[in-house]
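What follows is a set of notes on a single structure, which appears directly below.
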Amino acid sequence: MDFTLTEFEGELLDLGRTYAEREIAPVAAKAWHDERCPTELLRGMGELGLLGTLIPEKWGGIGSTTAGYVALLEALATVDPSVATAWQAHSTIGSLPLLLFGSDEQRERWLRPLAEGRQLGAFGLTEPGAGSDVRSLRTRATQVAGGWKLNGQKAFITNAGTDMSFGVTVLAKIGADDGGKPRFGSFIVEKGAEGYTLGPKLRGIGWKSADTRDLFFDDVFVPDDQVVGEPGGGLGQFLSALEVGRISVAALSLGTAAGALRLALAYAKQHEAFGTPIANFQAIQFKLADMATEIEAARWLTYYAAALRDAGKPFKKEAAMAKLKASQVATSVVSEAVQIFGGAGYMLESDVARFYCDAKVLEIGEGTNEIQRLVIARELGC
Ligand SMILES: Cc1cc2nc3c(=O)[nH]c(=O)nc-3n(C[C@H](O)[C@H](O)[C@H](O)COP(=O)(O)OP(=O)(O)OC[C@H]3O[C@@H](n4cnc5c(N)ncnc54)[C@H](O)[C@@H]3O)c2cc1C
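Mind the numbering: the sequence shown is residues 216 to 597 in the numbering used here, read in order.
As structure tokens, then:
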């Protein structure tokens, strides 16, 4: 397969890369250490059209292919995985349920501001007792006159608590079918809705400049026109958004690994031991060679999954494989990068330590790697 970028995809990549180097790189470390989501950077990306990368022009986006999106995300994450994650969560799981399943009225009202970069999207699936085991979630929506009452709690939700967050799209149980199987609906909850409260920003090992919180719903009224798609179809909607999310996390992993390799290579060329740059030691060269090779292998899987989606073909298995492989590559590459830095890489003042901290969650978010293996095994026929 030929994964050469088209002219449009190449321009998109240049735009993102330039923005990342000029605007994000100078402030990335400070925002991370301050544990602050730099929404001014996301707004800046919005002005360039980048907050609507996967959204068609009709709804305020720029209508990129998945391959163009992957290239752009890798470039952003190479500079700063943490801001890149806020952007990618908005771009996929935060926006796609509205694009794929919303009515035209809902797209106009909620998707357009996201795509035009005026607001940030969030996706509320996980709960304290339901992450991998989605069907056991407890947030419940009960039908009332003119709408629904929502009660429950969501855990670890990205992008719901910033000064540009619109609210959150939430998955909730709405009852059971005739056979007793739970049914799920998908609900738009706007910031400021009565009974909707947010916990404090959570403190992770990494991704410190992305905003992640718990959300609480206490008799929140959601009007009927804020139900996305058919009530009962919510779980399928969320799962299909997650399929694209997996390609996205794979690209985020690629950028995280590529950024760590870039830092390690530069350091190896300038840092001396025994009177010579450490890059002259074969042991270091082999590390760098292995890191680059693994990244390339993960890149091919990721672009393959993206190409399948762009061709309208099934991509579930390949997206899971790309996410599994790329996140493993990221965690091993950042570890080797710190090793190349020695003690200097262990200190949180170093950029490479930031990449190290940002990598672990890639094996957890948007379906743990154990769940990716289950998805792959099922696709194999197990
Ligand atoms: C920084 C961050 C941001 C996040 N952002 C969002 C967000 O925006 N929206 C959202 O909805 N969620 C978000 N999440 C939640 C994330 O998707 C979940 O943490 C993840 O899916 C795992 O769920 P869990 O934490 O409940 O772990 P659990 O599901 O409880 O899993 C615990 C462990 O058991 C393993 N396990 C569980 N079931 C099986 C099985 N059947 N076979 C083998 N092993 C199994 C898991 O792999 C894991 O190792 C975020 C999480 C983090 C850390």
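Note that CB positions come from ideal geometry on N, CA and C, so glycine has one too.
Checklist entry - Is the closest heavy atom of ligand 1 to the C-beta of Leu476 under 7 Å? => result For the purposes of this step, residue 476 is taken as residue 261 along the sequence shown, with counting starting at 1. Every heavy atom of ligand 1 is 7 Å or more from the Cβ of Leu476, so no.
Checklist entry - DSSP on Thr491, reduced to helix/strand/coil? => result By one-based count along the sequence shown, residue 491 stands at place 276. Shown here, Thr491 sits in a strand according to DSSP, grouped into three states.
Item to check | Leu595 to Lys531 span [Cα, whole Å] | outcome: The residue given as residue 595 occupies position 380 in the sequence shown. The residue given as residue 531 occupies position 316 in the sequence shown. The straight-line gap from Cα to Cα measures roughly 11 Å.
Checklist entry - Would you report the Cα separation of Ile586 and Asp392, rounded to the nearest angstrom? => result As a first step, residue 586 must be located in the sequence shown, where it is residue number 371. As a first step, residue 392 must be located in the sequence shown, where it is residue number 177. Looking at the two C-alpha atoms, the distance is approximately 26 Å.
Checklist entry - Three or more beta-carbon pairs under 8 Å between the stretch 445-465 and the stretch 383-402, yes or no? => result yes
Item to check | Any non-hydrogen atom of ligand 1 within 7 Å of Ala337 CB | outcome: Residue numbering aside, residue 337 sits at position 122 when the sequence shown is read from its first letter. Within the cutoff, so yes.
Item to check | Counted within 10 angstroms of its Cβ, other Cβ atoms place Met379 as buried (16 or more) or exposed | outcome: For the purposes of this step, residue 379 is taken as residue 164 along the sequence shown, with counting starting at 1. Buried: at least 16 other Cβ atoms inside 10 Å.
Item to check | As assigned by DSSP and simplified to three states, the class of Ile389 | outcome: In the sequence shown, residue 389 corresponds to position 174, counting from 1. Residue state, collapsed to three classes: strand.
Checklist entry - Does the stretch 325-345 come within contact of the stretch 470-488, defined as at least 3 CB pairs closer than 8 Å? => result no
Checklist entry - Hey, is the stretch 264-276 in contact with the stretch 436-445, meaning 3+ C-beta pairs nearer than 8 Å? => result no
Next on the checklist: Less than 7 Å separating the Cβ of Asp433 from some heavy atom of ligand 1?
Outcome noted: Translated into positions along the sequence shown, residue 433 becomes position 218. For ligand 1, not one heavy atom lies less than 7 Å from the Cβ of Asp433.
Next on the checklist: Can you determine whether any heavy atom of ligand 1 sits closer than 7 Å to the C-beta of Ala304, and answer yes or no?
Outcome noted: By one-based count along the sequence shown, residue 304 stands at place 89. Yes, ligand 1 has a heavy atom inside 7 Å of this Cβ.
Next on the checklist: Can you determine whether any heavy atom of ligand 1 sits closer than 7 Å to the C-beta of Val576, and answer yes or no?
Outcome noted: As a first step, residue 576 is located in the sequence shown; it is residue number 361 there, counting from the start. The answer is yes for Val576.
Item to check | Helix, strand or coil at Lys575 [DSSP, three-state] | outcome: For the purposes of this step, residue 575 is taken as residue 360 along the sequence shown, with counting starting at 1. Lys575 carries a helical assignment under DSSP once its states are collapsed to helix, strand and coil.
Checklist entry - Which of the three DSSP states, helix, strand or coil, is assigned to Trp363? => result One-based indexing of the sequence shown puts residue 363 at position 148. The answer is strand: DSSP assigns Trp363 an E or B state.
Checklist entry - Helix, strand or coil: which one does DSSP assign to Pro211? => result For residue 211 there is no data in the structure shown, the boundaries of the chain being 216 and 597.
Item to check | Best match in Leu257, Ala345, Gly470, Ser306 for proximity to Ala541 [C-alpha to C-alpha] | outcome: Taking the sequence shown and counting its residues from 1, the one referred to as residue 541 is at position 326. Selected option, being the one with the closest Cα: Gly470.
Checklist entry - What are the start and end residues of the alpha helix (DSSP H) that includes Arg324? => result Translated into the one-based positions of the sequence shown, residue 324 becomes position 109. Here Arg324 belongs to no alpha helix (DSSP H), and DSSP marks it neither H nor E.
Checklist entry - Quick one: what's got a C-beta closer than 7 Å to Lys406's C-beta in the same chain, skipping five residues either side? => result Residue mapping note: residue 406 aligns to position 191 of the sequence shown, counting from 1. Ser380, Phe381, Gly382, listed in sequence order.
Checklist entry - Closest by CA to Phe556, which one among Ala494, Gly582, Leu539, Thr307? => result Residue mapping note: residue 556 aligns to position 341 of the sequence shown, counting from 1. If we check each option's Cα against that of Phe556, Ala494 comes out closest.
Next on the checklist: Taking contact to mean 3 or more Cβ pairs, one atom from each stretch, closer than 8 Å, check whether the stretch 533-540 and the stretch 294-304 are in contact.
Outcome noted: Taking 8 Å as the limit for Cβ pairs, the verdict is that the stretch 294-304 does not touch the stretch 533-540.
Next on the checklist: Tell me the residue span of the alpha helix (DSSP H) that contains Arg398.
Outcome noted: As a working mapping, residue 398 is identified with position 183 in the sequence shown. Where Arg398 is concerned, there is no enclosing alpha helix (DSSP H), although the beta strand (DSSP E) it sits in stretches over 397-405.
Checklist entry - Out of curiosity, what's the CA-to-CA distance linking Phe338 and Phe489? => result As a working mapping, residue 338 is identified with position 123 in the sequence shown. As a working mapping, residue 489 is identified with position 274 in the sequence shown. Distance between the alpha carbons of Phe338 and Phe489 is about 52 Å.
Item to check | Helix, strand or coil at Pro241 [DSSP, three-state] | outcome: Within the sequence shown, numbered from 1, the residue matching residue 241 stands at position 26. Note: Pro241 maps to helix in three-state DSSP.
Item to check | Close Cβ partners of Leu413 (< 7 Å) along its chain, the five nearest in sequence each way excluded | outcome: Your numbering for residue 413 matches position 198 in the sequence shown. Excluding positions up to five away in sequence, the list reads Ala375, Gly376, Arg428, Leu430.
Next on the checklist: Looking at the strands, I want to know which residues DSSP matches up with Arg418.
Outcome noted: Position 203 of the sequence shown, counted from the start, is the residue given in the question as residue 418. For Arg418, which the question treats as bridged, DSSP gives no partner whatsoever.
Item to check | One or two residues paired with Glu342 in a DSSP bridge | outcome: Taking the first residue of the sequence shown as position 1, residue 342 is located at position 127. Within the DSSP secondary-structure output, Glu342 pairs in a beta bridge with Ala345.
Next on the checklist: Please report the straight-line C-alpha distance between Gly259 and Ala240, rounded to a whole angstrom.
Outcome noted: Locating residue 259 in the sequence shown gives position 44, counting from the first residue. Locating residue 240 in the sequence shown gives position 25, counting from the first residue. Those two C-alpha atoms are separated by around 14 Å.
Item to check | Where Phe501 falls, given that 16 or more other Cβ within 10 Å makes a residue buried | outcome: Along the sequence shown, one-based indexing puts residue 501 at 286. Label assigned to Phe501: exposed.
Checklist entry - Among residues of its own chain, excluding the 5 on either side of Gly275, which ones have a beta-carbon nearer than 7 Å to its beta-carbon? => result Taking the sequence shown and counting its residues from 1, one reaches residue 275 at position 60. Within the same chain, Gly275 has close Cβ partners Gly267, Arg327, Ala330, Glu331.
Next on the checklist: Given 7 Å as the limit, tell me if Gly582 has its C-beta closer than that to any heavy atom belonging to ligand 1.
Outcome noted: Translated into the one-based positions of the sequence shown, residue 582 becomes position 367. Yes, ligand 1 has a heavy atom inside 7 Å of this Cβ.
Next on the checklist: Can you give me the C-alpha to C-alpha distance between Leu352 and Val442, rounded to a whole angstrom?
Outcome noted: Against the sequence shown, residue 352 aligns to sequence position 137. Against the sequence shown, residue 442 aligns to sequence position 227. Computed Cα separation, rounded: 18 Å.
Checklist entry - For the putative contact between Gly283 and Glu323, defined by C-beta atoms under 8 Å, what is the C-beta separation to the nearest angstrom? => result In the sequence shown, counting from the first residue as 1, residue 283 sits at position 68. In the sequence shown, counting from the first residue as 1, residue 323 sits at position 108. With a Cβ gap of about 25 Å, Gly283 and Glu323 do not count as contacting.
Checklist entry - Which value, in whole angstroms, describes the spacing of the CA atoms of Ala574 and Gly361? => result On the sequence shown, position 359 is the one that residue 574 refers to. On the sequence shown, position 146 is the one that residue 361 refers to. When rounded, the distance between both Cα atoms is 45 Å.
Checklist entry - Closest to Thr354 by CA distance: which of Ala520, Ala498, Lys388 is it? => result Along the sequence shown, read from residue 1 onward, the residue named residue 354 stands at position 139. Out of Ala520, Ala498, Lys388, Lys388 has the C-alpha closest to the C-alpha of Thr354.
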